[in-house]
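Residue numbers (our numbering): 317 to 898.
Where a beta carbon is used, it is the ideal one built from N, C-alpha and C, also for glycine.
For reference, the structure discussed in these notes is given below.
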Ligand SMILES: [Fe+2]
């Protein structure tokens with residue numbers, strides 16, 4: 317019995333379960349090559365069918381991550397905006413036009429909206445033909461939570477989901493005891509920590525819903541001198557862990573069109589242009605917005621201390637869970653003993669959460685091991701890889717045994733070369749976790765600049781993350797748990813920070829990725845080999861892309877390799893140097 321899970325609008329994605337086993341999951345952007353693709357996930361659905369080698373008509377159930385009819389709060393908010401803002405009126409009229417003419421608009425690439433979910437049967441039938449599968453819609457935050465909660469076998473824990481906004485709620489805090497769910501608090505839209513953070517992101521000249529991590533990377537360079545201003549004028553913390561956002565001043569939808577309330581500008585100065593160097597004001601504002609976000613997150617969690625004092629484990633999900641600095645603070649400040657954030661805490665992960673909810677309703681337990689791996693995308697066999705390699709290389713390229721491949725790659729890295737690393741299935745979620753990564757030696761501070769020059773062409777203030785063998789993680793980082801999905805920031809231990817300067821941020825922290833032998837044997841072997849040469853079980857790991865979605869196929873990898881100046885590409889059983897290229 318096949319169950320398809322889908323998420324659309326932002327970070328659209330699809331996944332496929334066979335009975336309780338997760339077969340695959342993939343974001344649309346990997347296939348369409350449109351970054352943060354919010355179009356309806358036709359390509360992702362087709363890829364899932366291809367991987368499982370089934371037809372759309374074979375599906376028994378289709379699980380959707382959103383209940384479109386529960387829009388009363390949003391509809392009221394939208395009406396209010398319609399009457400008060402010409403900007404919002406333009407935006408809303410465009411969406412209504414698209415809704416009234418869906419067939420035409422689905423012929424071209426465009427953003428999808430919650431209105432599409434009313435037309436789901438028609439959209440799917442247009443794309444895949446007649447089908448009998450039953451479509452069920454689930455609560456958005458529940459789908460965030462169910463996916464994240466599948467990451468651990470804990471019996472008693474808290475589960476926080478927070479994002480821009482679901483059907484009505486933007487934050488949900490629950491406690492789960494022995495499988496029973498109790499709601500601690502629900503915070504309704506337009507109060508939204510996600511919208512608050514994104515509005516400041518836009519104000520600081522970064523692309524909203526994409527550049528939030530840039531603001532997070534900039535924050536440690538500044539002082540949070542605007543914190544009191546934010547907490548008095550923009551985001552008010554109230555009793556019992558509640559908060560309210562001043563949406564008149566902090567207008568997320570106006571910010572999407574690069575417009576800001578005059579009072580907001582009076583408080584924080586002129587918005588930064590995207591091509592302008594960040595000033596001290598901008599950097600301090602990034603630090604302040606980040607600090608306000610962290611304080612608000614801890615404030616939302618605070619009722620747990622009185623209501624559930626023995627709960628010391630936390631699952632975090634929703635787009636706001638991508639704030640890895642805030643995640644790390646929960647551990648650093650010893651608010652929880654252990655936390656877990658899934659590899660795709662943003663809306664893409666809801667495709668899996670919706671499918672889990674659908675299986676649960678049928679009394680089918682989802683297999684946790686199949687959900688916990690981040691390697692859920694397409695895999696390519698060596699013949700497919702060879703056809704790409706031979707097209708671009710001079711003469712025959714030698715196929716290497718895994719041990720030789722690892723040894724040669726580790727030697728190149730230890731000699732200061734930068735490599736593209738393409739192995740096994742693609743990762744689900746926004747992080748490169750050793751399936752599709754660019755790798756470099758973390759011991760040289762100047763390698764950051766070289767990586768930026770050869771590949772990334774990105775802002776110099778943004779840190780690079782380390783991968784470390786799970787068994788060595790504690791020796792290098794102040795973290796007492798695994799961080800298999802690179803979504804927790806930890807302090808780099810005194811004394812070792814100078815050994816790995818390329819992955820140590822200005823505030824002596826790092827976004828840690830712990831690698832176990834069981835989760836990714838060949839990547840773990842590479843880290844181990846690198847350690848045997850250099851004494852350091854750490855590699856700089858950044859996503860295999862150049863300002864585009866992370867590469868998916870061998871062809872994407874080769875094109876990105878050709879467009880970059882990196883020294884070598886390790887793809888399947890092949891190691892290609894630039895001198896091997898035609
Ligand atoms: Fe969400």
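Limits of the unbroken alpha helix (DSSP H) element including residue i
{"i": "residue 684", "result": "684–688"}
{"i": "residue 767", "result": "763–767"}
{"i": "residue 797", "result": "From DSSP, residue 797 is part of no alpha helix (DSSP H); its letter is neither H nor E."}
{"i": "residue 896", "result": "Looking at the DSSP string, residue 896 is not in any alpha helix (DSSP H), and its letter there is neither H nor E."}
{"i": "residue 346", "result": "344–348"}
{"i": "residue 569", "result": "568–572"}
{"i": "residue 674", "result": "666–677"}
{"i": "residue 354", "result": "It is not in any alpha helix (DSSP H) - residue 354 carries neither H nor E in the DSSP assignment."}
{"i": "residue 528", "result": "528–534"}
{"i": "residue 438", "result": "436–444"}
Best match in the options for proximity to residue i [C-alpha to C-alpha]
{"i": "residue 868", "options": "746, 442, 612", "result": "746"}
{"i": "residue 635", "options": "486, 726, 555", "result": "486"}
{"i": "residue 549", "options": "683, 528, 439, 580", "result": "580"}
{"i": "residue 658", "options": "619, 465, 685", "result": "465"}
{"i": "residue 379", "options": "610, 441, 456", "result": "456"}
{"i": "residue 806", "options": "787, 830, 385", "result": "830"}
{"i": "residue 646", "options": "765, 453, 794", "result": "794"}
{"i": "residue 678", "options": "775, 322, 336", "result": "336"}
{"i": "residue 461", "options": "478, 445, 469", "result": "478"}
{"i": "residue 432", "options": "357, 361, 362", "result": "357"}
{"i": "residue 640", "options": "609, 619, 598, 618", "result": "609"}
{"i": "residue 596", "options": "643, 540, 561", "result": "540"}
{"i": "residue 698", "options": "552, 444, 686, 717", "result": "717"}
{"i": "residue 524", "options": "755, 507, 567", "result": "567"}
{"i": "residue 347", "options": "846, 743, 753, 841", "result": "743"}
{"i": "residue 804", "options": "480, 532, 766, 713", "result": "532"}
Euclidean distance between Cα positions of residue i and residue j
{"i": "residue 862", "j": "residue 674", "result": "37 Å"}
{"i": "residue 808", "j": "residue 832", "result": "19 Å"}
{"i": "residue 881", "j": "residue 590", "result": "26 Å"}
{"i": "residue 654", "j": "residue 797", "result": "7 Å"}
{"i": "residue 545", "j": "residue 633", "result": "28 Å"}
{"i": "residue 418", "j": "residue 430", "result": "Caution is warranted here: a pLDDT of 49 is assigned to residue 418, below 50, making its placement in the model unreliable, and the coordinate value is therefore given only provisionally. The straight-line gap from Cα to Cα measures roughly 13 Å."}
{"i": "residue 263", "j": "residue 396", "result": "Past the edges of the chain, shown from 317 to 898, lies residue 263, and the structure says nothing about it."}
{"i": "residue 688", "j": "residue 637", "result": "17 Å"}
{"i": "residue 736", "j": "residue 584", "result": "42 Å"}
{"i": "residue 691", "j": "residue 870", "result": "16 Å"}
{"i": "residue 420", "j": "residue 326", "result": "For residue 420, the pLDDT reaches just 46, beneath the cut-off of 50, and the residue's location in the model is therefore unreliable, although a value from the coordinates is still provided. Looking at the two C-alpha atoms, the distance is approximately 21 Å."}
{"i": "residue 469", "j": "residue 510", "result": "28 Å"}
{"i": "residue 857", "j": "residue 779", "result": "11 Å"}
{"i": "residue 628", "j": "residue 848", "result": "38 Å"}
{"i": "residue 422", "j": "residue 361", "result": "Unreliable placement is indicated for residue 422, whose pLDDT of 43 sits below 50; the coordinate value is still reported in the next sentence. Answer to the nearest angstrom: the Cα atoms are 15 Å apart."}
{"i": "residue 493", "j": "residue 625", "result": "13 Å"}
{"i": "residue 704", "j": "residue 866", "result": "18 Å"}
{"i": "residue 701", "j": "residue 724", "result": "19 Å"}
{"i": "residue 340", "j": "residue 543", "result": "43 Å"}
{"i": "residue 321", "j": "residue 333", "result": "8 Å"}
{"i": "residue 425", "j": "residue 443", "result": "Any reading at residue 425 is ruled out, since the residue's pLDDT is 49, under 50, leaving its predicted position unreliable."}
{"i": "residue 331", "j": "residue 344", "result": "11 Å"}
{"i": "residue 900", "j": "residue 506", "result": "Given a span of 317 to 898 for the chain in the structure shown, any question on residue 900 remains unanswerable."}
{"i": "residue 731", "j": "residue 614", "result": "44 Å"}
{"i": "residue 667", "j": "residue 372", "result": "16 Å"}
{"i": "residue 515", "j": "residue 577", "result": "11 Å"}
First and last residue of the uninterrupted beta strand (DSSP E) at residue i
{"i": "residue 615", "result": "From DSSP, residue 615 is part of no beta strand (DSSP E) but of the alpha helix (DSSP H) over 596–617."}
{"i": "residue 487", "result": "485–493"}
{"i": "residue 472", "result": "472–478"}
{"i": "residue 624", "result": "Segment: none, residue 624 is in no beta strand (DSSP E) and carries neither H nor E."}
{"i": "residue 455", "result": "From DSSP, residue 455 is part of no beta strand (DSSP E); its letter is neither H nor E."}
{"i": "residue 559", "result": "559–561"}
{"i": "residue 517", "result": "Careful: residue 517 lies outside any beta strand (DSSP E), inside the alpha helix (DSSP H) at 509–519."}
{"i": "residue 497", "result": "496–504"}
{"i": "residue 656", "result": "654–656"}
{"i": "residue 468", "result": "Taken as a continuous stretch (DSSP letters only), residue 468 belongs to no beta strand (DSSP E), as it is neither H nor E."}
{"i": "residue 552", "result": "551–553"}
Identified DSSP bridge partners for residue i
{"i": "residue 886", "result": "737, 891"}
{"i": "residue 782", "result": "856"}
{"i": "residue 320", "result": "332, 378"}
{"i": "residue 709", "result": "897"}
{"i": "residue 804", "result": "828"}
{"i": "residue 632", "result": "476"}
{"i": "residue 756", "result": "856"}
{"i": "residue 337", "result": "334"}
{"i": "residue 696", "result": "According to DSSP, residue 696 bridges with nothing at all."}
Those residues, in chain order, that have a beta-carbon closer than 7 Å to some heavy atom of ligand 1: Taken from the N-terminal end onward, the list reads 456, 460, 479, 480, 482, 634, 635, 662, 663, 666.
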